[in-house]
Amino acid sequence: MRAATAVRPSPGAPRAPRRGRDRRAEILLPPPGRPRFTGADAPRAAVVGGGIAGLAAATALAERGVRVTLYERRPVLGGRLAGWPTQLADGSTVTMSRGFHAFFRQYYNLRGLLRRADPALSTLTPVPDYPLRHRGGLTDSFARVPRTPPWSALGFVALSPTFGWRDLAGLNPRAALPLLDVQVPQVYERYDGVSARDFLAAVNFPEAAHHLAFEVFSRSFFADPGELSAAELLLMFHIYFLGSSEGLLFDLPDEPFPQALWEPLGRYLDRLGADIRTGAPVDAVVPHADGTLGVESGGAGAHHDAVVLALDVAGLRSLVAGSPGLGDAAWRAGIAAQRTAPPFLVSRLWLDRPVRRDRPGFLGTSGYGGLDNVSVLERWEGEAARWAGRTGGSVVELHAYAVDGPSAGDRAGVERGLLDRLHEVYPETAAARVVDSRHEWHADCPLFPVGGYAARPGVRTPHPAVVAAGDLVRSDLPVALMERAATTGMQAANTLLHRWGVRGHPLWTVPRRGRSPLLRTLASLTAGP
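Taking numbering that gives the first Met the number 0, the leading residue of the sequence shown gets 0, the next gets one more, and so forth.
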């Protein structure tokens, strides 16, 4: 497997993440300003949180000469994509994480961030297909589906065993046409008060095809479709399917997250002069009369000229609650109201025999009692491949999203149930002995409930020197999930740089509205469901 290549920064030079194949991808240039700070005049900025959003903000600021201190409560960088060593029963030391994450080609700003340490993105391996298997026996595939709309939609209909021409003709056009012209924030103004389930019912999506919307899009948010805002569902359709020609295939890191992504990026930040403090939770941010901000961490305080809040929901709520002088009453109430999605489970199993070679490396599943997908890690990850090659086994990962209700209280039962479903999906694994296993339970992803958009924080806060970033933060661009974290991190940094008269960073985005003028006109004539 290829190692990440570290490069020296070129201070002052604009860095535009390379766009993908979509010629209609848009670049947003920052306002003019001086190229960078040159030393003594450089302000001090604290970035609270070392996940994707915090790393993006810290990188963008440090590249412009800002004196950055990055605070991360955990001992490692990466946030929800962090990894840590663990020793298996056979004596092997391996890296555990919270599991599979797809790096789609639409993630322009995330990929631009990763290019800082790996210009060719050599550590990302393309996945040849993303099949979706129904328990009834049908399987959808994206390998042969055209990537450019509208041919992507028509090609999917032509190739799908679950969604055919008769189903397309049966859709409610008045309800479905808004999918063809998704804009931000208009999509929230119109559809945030509708659930994803109700929207698809109004469109008359056939029951057999609901997995395309639920398992691929809705459950990516770890949420029940009846509770998820339809605006987020429409945004996902636009980003991945109807608004972009990058397609639904994706890349995966060829080594665990720390080795492939965060350690190289951490070294890059170190060369830029950033002060990275892991194992350093921030307890409070205190505005001072002179305009500076005190950051209290571990009983010690430091003064900064600006602060980026790049935390998950629980971390942001806790920090704001512990910082009574920060923000105004409405903003603080909005932060306190943020909710997390239901728990999810990642089970990783080290088996003593291999999964059949003809099995896909990643399989989405529908109707298998809570099992959402199966990954065979040695198909793309070097560490898993080395373990499998040495032992003759396989490293298999199982995901269960939105584990809610009574089952959430029986974690051992859910874990056994996923193993039983694996045996059903890949029967050869029933004869395998589990050499060791790890089960990661978490409930820290943001929930985007019906009607919740208005209360979500934006990049700007009531304090001009405090900005927010993360996948829970509103953006004026069509982004979601990891790309929303990277994009808002860059937007947060650009907001501060503009305030200081320094040029920010270019951003890329999928087209900010539907691709066809005719279809946009038709969509504008429809009313919401």
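The beta-carbon is built from N, C-alpha and C at its ideal position, and this holds for glycine as well.
Inset, instruction - Please say whether V472 and R455 have beta carbons closer to each other than 8 Å? - result: Yes.
Inset, instruction - Using the Cα positions of R355 and T339, report the straight-line distance between them to the nearest angstrom. - result: 37 Å
Inset, instruction - Return helix, strand or coil for A174, following the three-state DSSP convention. - result: helix
Legend entry - Supposed contact pair G48 and E71 - C-beta distance, whole angstroms, cut 8 Å: 7 Å
Legend entry - Anticipated Cβ contact below 8 Å, L268 with I275, distance rounded: Their Cβ separation, rounded to whole angstroms, is 6 Å, which keeps L268 and I275 in contact under 8 Å.
Inset, instruction - Could you tell me how far apart the beta carbons of G368 and R410 are, in whole angstroms, since I believe they sit closer than 8 Å? - result: Between R410 and G368 the Cβ distance is about 15 Å, and since that is not below 8 Å, they are no contact.
Legend entry - Stretch-stretch touch, CB-based, cutoff 8 Å, three pairs: the region 126 to 146 with the region 359 to 376: With contact defined as three or more Cβ pairs closer than 8 Å, the region 126 to 146 and the region 359 to 376 are in contact.
Inset, instruction - For my contact list, D351 and L87 are in at a C-beta cut-off of 8 Å; report their separation, rounded to the angstrom. - result: Going by Cβ atoms, the distance from D351 to L87 rounds to 12 Å, so no, they are not a contact pair.
Inset, instruction - Thinking A387 and P426 are a contact (beta carbons under 8 Å), I'd like their distance in whole angstroms, please. - result: With a Cβ gap of about 19 Å, A387 and P426 do not count as contacting.
Inset, instruction - Mind listing, in chain order, the continuous beta strand (DSSP E) runs of no fewer than 3 residues lying wholly within the region 483 to 518? - result: 506 to 508
Legend entry - Straight-line gap, E396 to R114 (C-alpha atoms, nearest Å): 28 Å
Inset, instruction - Measure from the C-beta of V449 to each C-beta in chain C and report whether the shortest distance is under 8 Å. - result: In the structure shown, chain C does not exist; there is a single protein chain.
Legend entry - the region 331 to 345 touching the region 72 to 83, judged by at least three CB pairs closer than 8 Å: Using a C-beta cut-off of 8 Å, the region 331 to 345 makes no contact with the region 72 to 83, since fewer than three inter-stretch Cβ pairs fall below that distance.
Inset, instruction - From the DSSP output, in three-state form, read off G300 for me. - result: strand
Legend entry - With 16 other Cβ atoms within 10 Å as the buried cut-off, status of T85: exposed
Legend entry - Selection from A479, L495, L417 that minimises the alpha carbon distance to A464: L495
Inset, instruction - Tell me whether the beta-carbon of S346 lies closer than 8 Å to the beta-carbon of L417. - result: In this structure, the beta-carbon distance from S346 to L417 falls below 8 Å.
Inset, instruction - Please specify which runs of the beta strand (DSSP E), each continuous and at least 3 residues long, are wholly inside the region 390 to 435, giving them in chain order. - result: 393 to 399
Inset, instruction - Answer with buried or exposed for G278, where buried requires no fewer than 16 other C-beta atoms within 10 angstroms of its C-beta. - result: exposed
Inset, instruction - Would you kindly check if the distance between the Cβ of A468 and the Cβ of A283 is under 8 Å? - result: no
Legend entry - Among H237, L446, D40, nearest to L553 - alpha-carbon criterion: Residue 553 is absent from the model: the chain starts at 0 and stops at 528.
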